[in-house]
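Visitor: Just dropping this structure here.
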Amino acid sequence: MDIKVNPNELIKADSHYLRGTLRESMADQASGALSPDDTQISKFHGFYQQDDRDRRLDRRQQFLEPYYSFMLRARLPGGVCTPRQWLAIDAVGRELGNGSIRLTTRQTFQYHGILKRNLKPLIQRINRVMIDSIGGCGDVNRNVLCNPNPLSSTLHAEVYDWARRISEHLLPKTRAYHEIWLDGEPVAGGESEPVYGETYLPRKFKTALAIPPHNDVDVYTNDLGFVAIAEGDELLGFNILAGGGMGVTHDDYSTFPRLADELGFIPPQQTLAVAEAVVSVQRDFGDRTSRRHARLKYTIERMGLATFITEVERRAGVRFKPSRRVRFTSQGDRYGWVEDERGRWHLTLYVENGRVADTPDASLMSGLREIAGIHQGDFRITPGQNLIVAGVPEGQKAIIEGIARRHDLLAEGRSPTRLASIACVALPTCPQAMAEAERYFPDLLETIEEIADRHGIDRQAIVMRMTGCPNGCARPYVAEIGLVGRGPGRYNLQLGGDGIGLRLNRLYRKNLNERELLRTLDELFRIYAGERLPQERFGDFAVRRGLVKPVIDPAEDYHEFP
Amino acid sequence: MDNTVKTLEDFSNHPLERVQLSRLLQAVEGLDKQQLSWASGYLAGLGVLEPTVAKAPDQVPGVTILYATQGGNARSVAEALAENATAQGFAPRLVSADSYRPRDLTKEQVLVVVISTQGEGEPPESAYDLFKYLRGDRAPRLEGLRYAVFGLGDSSYEQFCQAARELDELLGNQGARSLLDRIDADVEFQQAATNWQDRILTELGELQPLDQARIIPLQRESATPRHDRNNPFRAALLARHRITTADAVCNVQHISLEIDPAVIRYRPGDALGLYFQNDPALIEEMLALAGLAAEAPVSLDGERMTLGQALEERLELTQLHPSVVKAWAALAGDQGLDTLSREREKLRTFVQNRQFVDLLQNHPADVDAQGLVEILHAQQPRLYSIASSQTAYEDEVHLTVAALRYRGHGRDHLGGASGYLTQRISEGDDLGVYVVENPSFRLPASADIPIIMIGAGTGIAPYRAFLQEREALGSAGDGWLVFGNRHFHRDFLYQADWLAYRKAGLLNRISLAFSRDEGACSYVQARLYEERAELYRWLREGAHLYVCGGVEMAQGVHQSLLAIVQDQGGLAEEAAVEYTETLREQGRYQRDIY
Chain A
91 MDIKVNPNEL IKADSHYLRG TLRESMADQA SGALSPDDTQ ISKFHGFYQQ
141 DDRDRRLDRR QQFLEPYYSF MLRARLPGGV CTPRQWLAID AVGRELGNGS
191 IRLTTRQTFQ YHGILKRNLK PLIQRINRVM IDSIGGCGDV NRNVLCNPNP
241 LSSTLHAEVY DWARRISEHL LPKTRAYHEI WLDGEPVAGG ESEPVYGETY
291 LPRKFKTALA IPPHNDVDVY TNDLGFVAIA EGDELLGFNI LAGGGMGVTH
341 DDYSTFPRLA DELGFIPPQQ TLAVAEAVVS VQRDFGDRTS RRHARLKYTI
391 ERMGLATFIT EVERRAGVRF KPSRRVRFTS QGDRYGWVED ERGRWHLTLY
441 VENGRVADTP DASLMSGLRE IAGIHQGDFR ITPGQNLIVA GVPEGQKAII
491 EGIARRHDLL AEGRSPTRLA SIACVALPTC PQAMAEAERY FPDLLETIEE
541 IADRHGIDRQ AIVMRMTGCP NGCARPYVAE IGLVGRGPGR YNLQLGGDGI
591 GLRLNRLYRK NLNERELLRT LDELFRIYAG ERLPQERFGD FAVRRGLVKP
641 VIDPAEDYHE FP
Chain B
321 MDNTVKTLED FSNHPLERVQ LSRLLQAVEG LDKQQLSWAS GYLAGLGVLE
371 PTVAKAPDQV PGVTILYATQ GGNARSVAEA LAENATAQGF APRLVSADSY
421 RPRDLTKEQV LVVVISTQGE GEPPESAYDL FKYLRGDRAP RLEGLRYAVF
471 GLGDSSYEQF CQAARELDEL LGNQGARSLL DRIDADVEFQ QAATNWQDRI
521 LTELGELQPL DQARIIPLQR ESATPRHDRN NPFRAALLAR HRITTADAVC
571 NVQHISLEID PAVIRYRPGD ALGLYFQNDP ALIEEMLALA GLAAEAPVSL
621 DGERMTLGQA LEERLELTQL HPSVVKAWAA LAGDQGLDTL SREREKLRTF
671 VQNRQFVDLL QNHPADVDAQ GLVEILHAQQ PRLYSIASSQ TAYEDEVHLT
721 VAALRYRGHG RDHLGGASGY LTQRISEGDD LGVYVVENPS FRLPASADIP
771 IIMIGAGTGI APYRAFLQER EALGSAGDGW LVFGNRHFHR DFLYQADWLA
821 YRKAGLLNRI SLAFSRDEGA CSYVQARLYE ERAELYRWLR EGAHLYVCGG
871 VEMAQGVHQS LLAIVQDQGG LAEEAAVEYT ETLREQGRYQ RDIY
């Protein structure tokens, strides 16, 4: 057999536990880039090399290398940070990034436009407020998601604590990050990675914890999911899910999005053992020849679910109990104020596409800074790229709401569909992007809102998600309407998510330009307005009406196209 | 007469290929004694000239496989083809479109292209230059070219394989003949690629015998006209474009001119002298101030022409000479100006930031057309260090030109030549040029000797020529570039070239000083001193040191060098001076200062 491991595996193996030649790359003044191999290693340290694609052609003509900069993504389990941390995050973004902060669909923040010479100072600055970027990207467990706004704050505290512990437990143990960025002493003698080994995982690995009935973390789209089972405020344990994932390669029918399978129920004390066992099975059985097929979802398809479960049980030393019944009712954020059982208030702010910046038209960044200056609770970044001001005492409600209103941070006045929708960063910075998303989506939505308005369905929220490529950062395959970039100005239109993240959508029309897309949506909205049942969501309608067949087994039927 | 034609077997140990020998025998068949004698001399002469044509096999590659890739597929198809072609005994040249010089198309015999298409039918970015060239008015005829195109695309797009289609058409339009019909391959392209590859190899196999018949061109016999400042060569502008970003302080442009290599020869380190056209806007302003008409007839060096013509092409308008000020002061009867023009130093300062138009404006005088022509000097040619090596670009000269701009005395001033070269000249325009040899700024005689190249701003230009030369000659010597400018991201001139040379092993060290970047080292002399141990080590290993740039910078570097030698060599100041003097005498410390 002629099988070669993919080149990334060799780079990892040769990296001496993620050191690579990062020091040399950083010291090279003649280029704003890293050496090619180091661009792979840097991901494990939380940052990606990017270049301004709008400037590529000009700079090539100018005999200049591309305008390289870096995107750094922090590790922030459950998206929780303190006001003091937020002030530091904000200052760093203004001084060492491109002046903005992005809240991500994985409940953390990232900086764009960091020049190479500013990387080390930036990492040191966030480290001063106890934030790191280890595993922000790379083939390891990524930032752990946790429902940020449950009905019970006691329960949240407990589940969040598990999120934090899982994140710590699955953190790479190499000292490379401390040595290179924080001037830590080099380790004497041998080093090891007890969980990962020296080649880490075959691919990224995503973990989420959901607290029903909210599925804002889209728990089924993660490699590893924990669904909290509680009685009142008391956590009984978790239903364990495994094998979800979004990423697809256009026209490669061996790739598909997949929702996670249920493995069974465990009590809380088995959490870390099970998390480590799932990771280690993926480490040992995951595909290291093809990165397209390296996520856990393909490993499970290959092994078979039963074999996979047996292996996890054996490694964790547990027996799964039957999964408990749960009910999810929503997939998006709940905007506005919510009071918890202890009488504290939580305000979910609206941050369009997670873009925190001051522009001539808006002052979001200043507004959040002002709130952080007086807030006494904490902040929580949501999986919908929004921000929750959490734990506000009754007496401060009015002040905080006042600031939020002044800086246009409240949801009010926006269409339910806009509030339910997300888009990824895409052009011009993301190297994966094939089409626009974040900087195009708000305008496109305006037109779509007009169409919805015309058909009288403007009061109905439709979960709509746009990505610039098929990798799925904004989880477009569980949206009621997914728009997946194929090329400049061209999108695949996906229909049929259920609005709560329990059903995959399906390709409805391929490669539409804006005119075709709007015409198609106009027609779909017309049918929906005329034929929907009371309370029927658009995605459910699309399936019932037979516009798309529901996806039953994506490995088999995902690529059936009407 | 039956002369001495023999069969192959009569020659043992001949160095010719079978086919070459048979052609030679054919060629001499039927020649008489006198003709044979002449031919033998001719052939011997060719042998002596051989070194100048030694590169012929490289310049005339049999088969070039060119790829323009978006996601890497085109590249892999091209690489596979190259590999198989090589295995079958061809010597293809595999090259990515972004490293390919479109003008080389005319030298190709067989061109095989693998190209993908972007979303809306655009060619990949790497093929931008190639397409621009072929779409343009100056695309050459390509009758001698046989080509094949393999397109990669996605049939779900309307513009399926558009880039391949367009390229096919463009090449066809220029007279190139296709070797095989174009293939437009879809997302699943492998099978199509394999089939196509087989067909290409078959076609190449049939072409091969033709290909072997390379004919060495006859040397031209005519006496070479010598081009100098009195007899400049008319060089056409091939291209010019800005190489600093739009937000850079200085507009620096890369200029390429077309020359005839038979009459224009230059070496790395040489400069190009050139004449330029003055700015029509400036001329208009001058005429208005003087109250004269462009059509006014004048006589210049015995030639009749209009005043406008004289001002545009023949007279010096932008560099103000002290003697012109003096003459003007007398004509204007301007007391103040007259006094000033008697004081040499003041006059020097006065002319430094003024042009003749400032005199017209601020010190008006009555002057007629002929009077104006006589008071002005003839245009001075300007010199620019050449930024290319003729070994690499035989028929081109590259220049690195910074637009000179300053404000003063109530108006904007634009440099004469730099304004012409960076703002007004357009492709196809020609200008008078000649080579100015610079024997005191030469690469070491041996290609193995390390070189340290220090330059600021456009002073970097000759080093591009140096490294092009070393690359073309396959030199093994080490190189160290020390460069200073304002901003890393905006005006790191030719950055991509230096990075490529570093990758190729021609540059081992790049040291930079960007004066306006936060936290960066400010000037090259300071950067040099920081790296003094390394510099001294290089000098001890026999490195040659080059400095190119303005006077101030050169002085700074010199002071730095003296300090380094004292610090590292433990020398007293006097001994350090002697050390640098010795370097100069040995030709190891060469400067090009302007």
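Same order as they appear, the protein sequences are chains A and B.
Under the working numbering, read the first sequence as residues 91 to 652, first letter to last.
Under the working numbering, read the second sequence as residues 321 to 914, first letter to last.
Cβ atoms here follow ideal geometry from the backbone N, Cα and C, with glycine treated the same way.
By Cβ distance, which residues of its chain are closer than 8 Å to R381(A), with the 5 residues on each side in sequence left out?
Guide: As a working note, residue 381(A) is residue 291 in the first sequence. Once the five neighbours on either side are set aside, the close Cβ partners of R381(A) are N96, N98, P292 and R293.
Visitor: Please report whether the beta-carbon of S344(A) lies at a distance below 8 Å from any beta-carbon of chain B.
Guide: On the first sequence, position 254 is the one that residue 344(A) refers to. No, S344(A) does not count as interfacial toward chain B.
Visitor: Is T807(B) close to chain A, meaning its C-beta is less than 8 Å from at least one C-beta of that chain?
Guide: Position 487 of the second sequence, counted from the start, is the residue given in the question as residue 807(B). A small fix is needed here, since residue 807(B) is His in this sequence, not Thr. Not an interface residue.
Visitor: Any residues in the stretch 692-720 of chain B with a beta carbon nearer than 8 Å to a beta carbon of chain A? Which ones, in chain order?
Guide: none
Visitor: Does the beta-carbon of A533(B) have 16 or more other beta-carbons within 10 angstroms, so that it is buried, or is it exposed?
Guide: What you label residue 533(B) is simply residue 213 of the second sequence in a count that begins at 1. Because the pLDDT at A533(B) is just 35, under 50, the model does not fix this residue reliably, and the value given afterwards should be weighed accordingly. Residue environment analysis places A533(B) among the exposed positions, since fewer than 16 neighbouring C-beta atoms fall within 10 angstroms of its C-beta.
Visitor: So for Y286(A), helix, strand or coil by DSSP?
Guide: Sequence index remark: in the first sequence, residue 286(A) carries index 196 (1-based). Of the three classes helix, strand and coil, the one that applies to Y286(A) here is coil, per DSSP.
Visitor: Between Q511(B) and chain A, is the shortest Cβ-Cβ distance under 8 Å, so that the two count as touching?
Guide: By 1-based counting over the second sequence, the position of residue 511(B) is 191. Output row for Q511(B): interface = no.
Visitor: According to DSSP, is P377(B) helix, strand or coil?
Guide: In the second sequence, the residue the question calls residue 377(B) occupies position 57. In this predicted model, P377(B) has a pLDDT of only 41, less than 50, meaning its place in the structure is not dependable enough to derive any value.
Visitor: Starting from K600(A) and walking both ways along the alpha helix (DSSP H), at which residues does that stretch end?
Guide: To locate residue 600(A), count along the first sequence from 1; it is residue 510. No alpha helix (DSSP H) contains K600(A), which is instead part of the beta strand (DSSP E) from R596 to L602.
Visitor: Is there a Cβ from chain B that is less than 8 Å from the Cβ of N98(A)?
Guide: If you number the first sequence from 1, residue 98(A) lands on position 8. With 8 Å as the cut-off, N98(A) does not count as an interface residue toward chain B.
Visitor: What first and last residue would you give for the alpha helix (DSSP H) that runs through Q690(B)?
Guide: On the second sequence, residue 690(B) is found 370 positions in, with the first residue counted as 1. Element bounds for Q690(B): A689 to I695.
Visitor: Identify whether R784(B) lies in helix, strand or coil by the three-state DSSP scheme.
Guide: Position 464 of the second sequence, counted from the first residue, corresponds to residue 784(B). The answer is helix: DSSP assigns R784(B) an H, G or I state.
Visitor: What does the Cβ neighbour count give for Q879(B), buried or exposed, with the cut at 16 atoms within 10 Å?
Guide: Walking along the second sequence from the start, residue 879(B) turns up at place 559. Q879(B) should be labelled exposed.
Visitor: Which residues in the same chain have their Cβ closer than 6 Å to the Cβ of P460(B), if we skip the five residues on either side of it in sequence?
Guide: For the purposes of this step, residue 460(B) is taken as the residue at position 140 of the second sequence. T426, listed in sequence order.
Visitor: If the cut is a Cβ gap below 9 Å, which residues of chain A does Y477(B) touch?
Guide: Numbered from its first residue, the second sequence carries residue 477(B) at position 157. Within chain A, the residues near Y477(B) are R576, G577, R580 and N601.
Visitor: How would you list, in chain order, the residues of chain A whose beta-carbon sits under 8 Å from the beta-carbon of Q743(B)?
Guide: For the purposes of this step, residue 743(B) is identified with residue 423 of the second sequence, where counting begins at 1. Neighbours of Q743(B) on chain A: none; closest Cβ ~17 Å, over 8 Å.
Visitor: Could you tell me whether the Cβ of D341(A) comes closer than 8 Å to any Cβ of chain B?
Guide: In the first sequence, counting from the first residue as 1, residue 341(A) sits at position 251. Yes, D341(A) counts as interfacial toward chain B.
Visitor: Cβ of E621(A) within 8 Å of Cβ of R635(A)?
Guide: Counted from its first residue, the first sequence places residue 621(A) at position 531. Counted from its first residue, the first sequence places residue 635(A) at position 545. Yes, the pair counts as a contact, with Cβ atoms nearer than the cut-off.
Visitor: Any C-beta of chain B sitting closer than 8 Å to the C-beta of F153(A)?
Guide: One-based indexing of the first sequence puts residue 153(A) at position 63. True, the Cβ-Cβ gap to chain B drops below 8 Å.
Visitor: In chain order, what residues of the same chain have a beta carbon less than 6 Å from the beta carbon of R109(A), not counting five sequence neighbours either side?
Guide: As a position in the first sequence, residue 109(A) is number 19, starting the count at 1. The beta carbon of R109(A) is closer than 6 Å to those of A266 in its chain, skipping five residues each way along the sequence.
Visitor: Under DSSP, the beta strand (DSSP E) around Y388(A) begins and ends at which residues?
Guide: Taking the first sequence and counting its residues from 1, the one referred to as residue 388(A) is at position 298. First-last for Y388(A): L386 to M393, but that is the alpha helix (DSSP H), not the beta strand (DSSP E).
Visitor: What residues of chain B sit near L608(A), judged by a beta carbon separation below 7 Å?
Guide: Walking along the first sequence from the start, residue 608(A) turns up at place 518. By Cβ distance, chain B contributes nothing, its closest Cβ being about 18 Å from L608(A), past 7 Å.
Visitor: Can you name the start and end residues of the beta strand (DSSP E) that V721(B) belongs to?
Guide: As a position in the second sequence, residue 721(B) is number 401, starting the count at 1. V721(B) -> beta strand (DSSP E) spans E716 to A722.
Visitor: In whole angstroms, what separates the C-alpha of A582(B) from that of E716(B)?
Guide: As a position in the second sequence, residue 582(B) is number 262, starting the count at 1. As a position in the second sequence, residue 716(B) is number 396, starting the count at 1. When rounded, the distance between both Cα atoms is 12 Å.
Visitor: Jot down the residue ranges of each uninterrupted beta strand (DSSP E) in the stretch 476-533 of chain B, minimum 3 residues, whole runs only, in chain order.
Guide: 503-505
Visitor: Could you compute how far the alpha carbon of I913(B) sits from the alpha carbon of K263(A)?
Guide: As a first step, residue 913(B) is located in the second sequence; it is residue number 593 there, counting from the start. As a first step, residue 263(A) is located in the first sequence; it is residue number 173 there, counting from the start. So the two alpha carbons sit approximately 56 Å from each other.
Visitor: Compare the Cα-Cα distances from G471(B) to each of E463(B), S436(B) and R455(B) and report the closest residue.
Guide: The residue labelled residue 471(B) in the question sits at position 151 within the second sequence. Comparing Cα positions, the closest option is S436(B).
Visitor: For a cutoff of 8 Å on Cβ pairs, would you count Y157(A) as touching chain B?
Guide: The count along the first sequence starts at 1 and reaches residue 157(A) at position 67. Y157(A) counts as touching chain B.
Visitor: Please determine, among V756(B), A796(B), G736(B) and E349(B), the residue with the shortest C-alpha to C-alpha distance to L602(B).
Guide: For this step, residue 602(B) is matched to residue 282 along the second sequence. Per the Cα distances, G736(B).
Visitor: Compare the C-beta of Q119(A) against all C-beta atoms of chain B and say whether one is closer than 8 Å.
Guide: Working through the first sequence from its first residue, we reach residue 119(A) at position 29. Yes - at least one Cβ of chain B is within 8 Å of the one on Q119(A).
Visitor: Could you please give the first and the last residue of the uninterrupted beta strand (DSSP E) stretch that includes I478(A)?
Guide: The residue you call residue 478(A) lines up with position 388 of the first sequence. Run containing I478(A): L477 to V482, per the beta strand (DSSP E) assignment.
Visitor: Can you pull the chain B residues whose beta carbon is under 7 Å from the beta carbon of R381(A), in chain order?
Guide: On the first sequence, position 291 is the one that residue 381(A) refers to. Within chain B, no residue comes near R381(A); the closest Cβ sits about 13 Å away, beyond 7 Å.
Visitor: If you scan the stretch 626-672 of chain B from start to end, which runs of the beta strand (DSSP E) of 3 or more residues do you find wholly inside it?
Guide: none
Visitor: Check each residue of the stretch 445-462 of chain A: if its Cβ is closer than 8 Å to any Cβ of chain B, include it; give the result in chain order.
Guide: none
Visitor: At a Cβ threshold of 8 Å, is Q655(B) touching chain A?
Guide: For the purposes of this step, residue 655(B) is taken as the residue at position 335 of the second sequence. Cβ-Cβ to chain A under 8 Å: no for Q655(B).
Visitor: Check whether the Cβ atoms of I706(B) and D590(B) lie closer than 8 Å to each other.
Guide: Position 386 of the second sequence, counted from the first residue, corresponds to residue 706(B). Position 270 of the second sequence, counted from the first residue, corresponds to residue 590(B). Their beta carbons are under 8 Å apart, which means I706(B) touches D590(B) by this criterion.
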